[in-house]
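**Q** Numbering (UniProt numbering), first residue to last: 1 to 436.
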Amino acid sequence: MKRRTGTEEREPVPTNEQILIFDRPIHKVRESLFSTGSGFVNYRGLLNNCIICLLLSNFHNILRNFNKYGLLINPAQWVTISLQMGTLPAILSILCLFSVFPLLTFLLEKAASKGLLKERPLLILHASNMIMLLGLPVGVVFWFKLGPAAGFIVMFNYSIVWMKMMSYTQVNSWCRRGQGGVATPTNNHDKPLVQYPDNITVKDFCYFIAAPTLCYELNYPRTPKIRKIFLLRRTLESIFLVNILLALSQQWLVPTVMGSLEPLQSMDLLMMIQRGLLLALPNHLLWLLLFYFYFHSYLNVLAELLRFGDRSFYKDWWNADSIDTFWRHWNVPVHRWAARHVYYPLLSRGYSRVMSQIAVFLLSAFFHEYLVSIPLRMLRPWAFTAMLSQVPLALLTSLEVMRGQPGNVVVWVSIILGQPLAIMMYMHDYLIHNKL
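1) Going by C-alpha distance, which of Y43, T385, I62 is nearest S364?
2) What are the start and end residues of the alpha helix (DSSP H) that includes P406?
3) Only counting runs of 4 or more residues, tell me where the alpha helix (DSSP H) segments fall wholly within the segment 346 to 406, in order along the chain.
4) Would you report the Cα separation of T186 and K28, rounded to the nearest angstrom?
5) Roughly how many whole angstroms lie between the Cα atoms of R4 and I26?
6) Would you tell me roughly how many angstroms separate the C-alpha atoms of M272 and T105, rounded to the nearest one?
7) Can you check DSSP and say which residues form a bridge with N240?
8) Between T223 and R307, how many whole angstroms is the CB-CB distance? I'm expecting something under 8 Å.
9) Looking at I94 and V171, is the spacing between their C-beta atoms short of 9 Å?
10) Can you check whether the CB of F101 is closer than 9 Å to the CB of I133?
11) Could you have a look at R275 and say whether DSSP puts it in helix, strand or coil?
12) May I ask you to list the residues that DSSP assigns as paired with F308?
13) Rounded to whole angstroms, what is the Cα-Cα separation between residue 444 and Q357?
14) Distance check for M130 and P197, CA to CA, integer angstroms please.
15) Could you check if E369 is buried or exposed, using at least 16 other CB atoms within 10 Å of its CB as the buried criterion?
16) Could you check whether A112 and R176 sit closer than 9 Å to each other, using their CB atoms as the reference points?
17) Straight-line CA distance for H433 to S348?
18) Should M1 go down as buried or exposed, given a rule of 16 or more other Cβ atoms within 10 Å for buried?
19) Excluding sequence positions up to five away, which residues of its chain have a Cβ less than 7 Å from the Cβ of A183?
20) Please report the distance separating the alpha-carbon of G418 from that of R24.
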């Protein structure tokens, strides 16, 4: 027998607890992680994987685009497009019209606040002013043959002014009738609250015209001061994103759109689907960048300069599980305006909820067509039809079985695939209409 030395390591003797642990069961009733019943929700690693795959796919498309078309980015052309406002008479006409209609609205409200105008003639004058505010810019675009980009900017700004003037006249009318609009105490104001008719001033009116809101109020919540770092960050973001949008449009979107027209002219269904899917990615990327630029960067610049307190320009529309929720969350200023000045007034007059919602959709469809057809100088119903098609989609996603993820998928599919189809239809008709 071998004798042990003092330096030799002795093998540990297992205790009773260490022996018993091997007898414990290692199996029990458990769900796989991907099963709904598992309760597992942390898929961050898979999300990172999807992001990497998306980046690689986009990088591949960028390389393929450069190999096929070369470098198409031309800042000089951006200046040319921006100068498509037409001749000097066109520019003067646009500026004059832009100033005249709001000024007329203010003067009418000033006269009404002093009792110089009764409600009925005031209503007729306001209605005439509103009709001309939407109609005469159309004549300017067609008469001076403004380019699509310049035409869109003109119609977009006139649409904003129209909605602002509608809100201004309606709120002041409510104040006169004692049905609302009276100042209520809050903690968000650093000055005494304004009461009607003391709000009918040039300063108050100009602030509303410049403020990033479509809904008029006698007293807005204001921030204590201008945050210079925040303002600088949002301003730099705006400048950077404008250049990125122009560069991506010129390098990626325009060639893809032009390449999508040939199968549309030959009515090749499979090629149309393939080109539409090819167009979906750059269009969707530009749409997301445009959303961030306008609703986050640009509107926050305006709000910060004016110390406008309400910065809720959008909500979490990306989580919307219904079409109705998407439209309420992605463009909060327009939603608030439509609810306050169209939907609820119709309800108060005895119309049903369904009829009031249809009226809002029809008005939205009109403005979508107004913002597209007029700048292109051709009347086509594609934008109007696309908006009306949202009604059955809204009914579909309102079903209980569509709540949650299924409804969210429908919302994203309608956004990603619906817009490229509309772009292809308009570009096809535009080239034929202009014989290009």
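Idealized CB from N, CA, C, for every residue including glycine.
**A** Working from what's here:
1) For the purposes of this step, residue 364 is identified with residue 364 of the sequence shown, where counting begins at 1. With distances taken between Cα atoms, S364 lies closest to T385.
2) Counting from one through the sequence shown, the residue named residue 406 turns up at place 406. Residues 405 to 433.
3) 353 to 376, 382 to 388, 390 to 397
4) Here residue 186 refers to the residue found at position 186 of the sequence shown. Here residue 28 refers to the residue found at position 28 of the sequence shown. Note on T186: pLDDT 46, under 50, position unreliable in the model; the coordinate value appears next. If I take the Cα positions, the gap works out to 59 Å.
5) For this step, residue 4 is matched to residue 4 along the sequence shown. For this step, residue 26 is matched to residue 26 along the sequence shown. Legend: pLDDT at R4 = 49, less than 50; position of this residue unreliable, value from coordinates given subsequently. Straight-line Cα distance between these residues: approximately 39 Å.
6) If you number the sequence shown from 1, residue 272 lands on position 272. If you number the sequence shown from 1, residue 105 lands on position 105. About 48 Å.
7) Against the sequence shown, residue 240 aligns to sequence position 240. Before going further, note that residue 240 is Phe rather than Asn in the sequence given. According to DSSP, which records beta bridges pairwise, F240 is partnered with nothing at all.
8) As a position in the sequence shown, residue 223 is number 223, starting the count at 1. As a position in the sequence shown, residue 307 is number 307, starting the count at 1. At roughly 5 Å, the Cβ-Cβ gap stays under 8 Å, so T223 and R307 are in contact.
9) Here the question's residue 171 lines up with position 171 in the sequence shown. Here the question's residue 94 lines up with position 94 in the sequence shown. No.
10) Here residue 133 refers to the residue found at position 133 of the sequence shown. Here residue 101 refers to the residue found at position 101 of the sequence shown. The question names Ile, but residue 133 in the sequence shown is Leu. Against a cut-off of 9 Å, the Cβ pair of F101 and L133 comes out as a contact.
11) One-based indexing of the sequence shown puts residue 275 at position 275. In the structure shown, R275 sits in a helix (DSSP, three-state: H, G or I).
12) Reading the sequence shown from its first residue, position 308 is the one you call residue 308. The partner list for F308 (beta bridge, DSSP) reads R222.
13) No answer is possible for residue 444: the residues shown for the chain start at 1 and end at 436.
14) For the purposes of this step, residue 197 is taken as residue 197 along the sequence shown, with counting starting at 1. For the purposes of this step, residue 130 is taken as residue 130 along the sequence shown, with counting starting at 1. Using only the alpha carbons, I get a separation of about 22 Å.
15) Taking the sequence shown and counting its residues from 1, the one referred to as residue 369 is at position 369. So E369 counts as buried.
16) For the purposes of this step, residue 176 is taken as residue 176 along the sequence shown, with counting starting at 1. For the purposes of this step, residue 112 is taken as residue 112 along the sequence shown, with counting starting at 1. A contact, by the Cβ cut-off of 9 Å.
17) Taking the first residue of the sequence shown as 1, we reach residue 433 at position 433. Taking the first residue of the sequence shown as 1, we reach residue 348 at position 348. Distance between the alpha carbons of H433 and S348: 45 Å.
18) Counting from one through the sequence shown, the residue named residue 1 turns up at place 1. Here the model assigns M1 a pLDDT of 46, short of 50, so the residue's position is not dependable, and the following value carries that caveat. Exposed: under 16 other Cβ atoms inside 10 Å.
19) Reading the sequence shown from its first residue, position 183 is the one you call residue 183. In this prediction, A183 scores a pLDDT of 40, lower than 50, which makes its location untrustworthy; no coordinate-derived value is stated.
20) Along the sequence shown, read from residue 1 onward, the residue named residue 418 stands at position 418. Along the sequence shown, read from residue 1 onward, the residue named residue 24 stands at position 24. Distance between the alpha carbons of G418 and R24: 58 Å.
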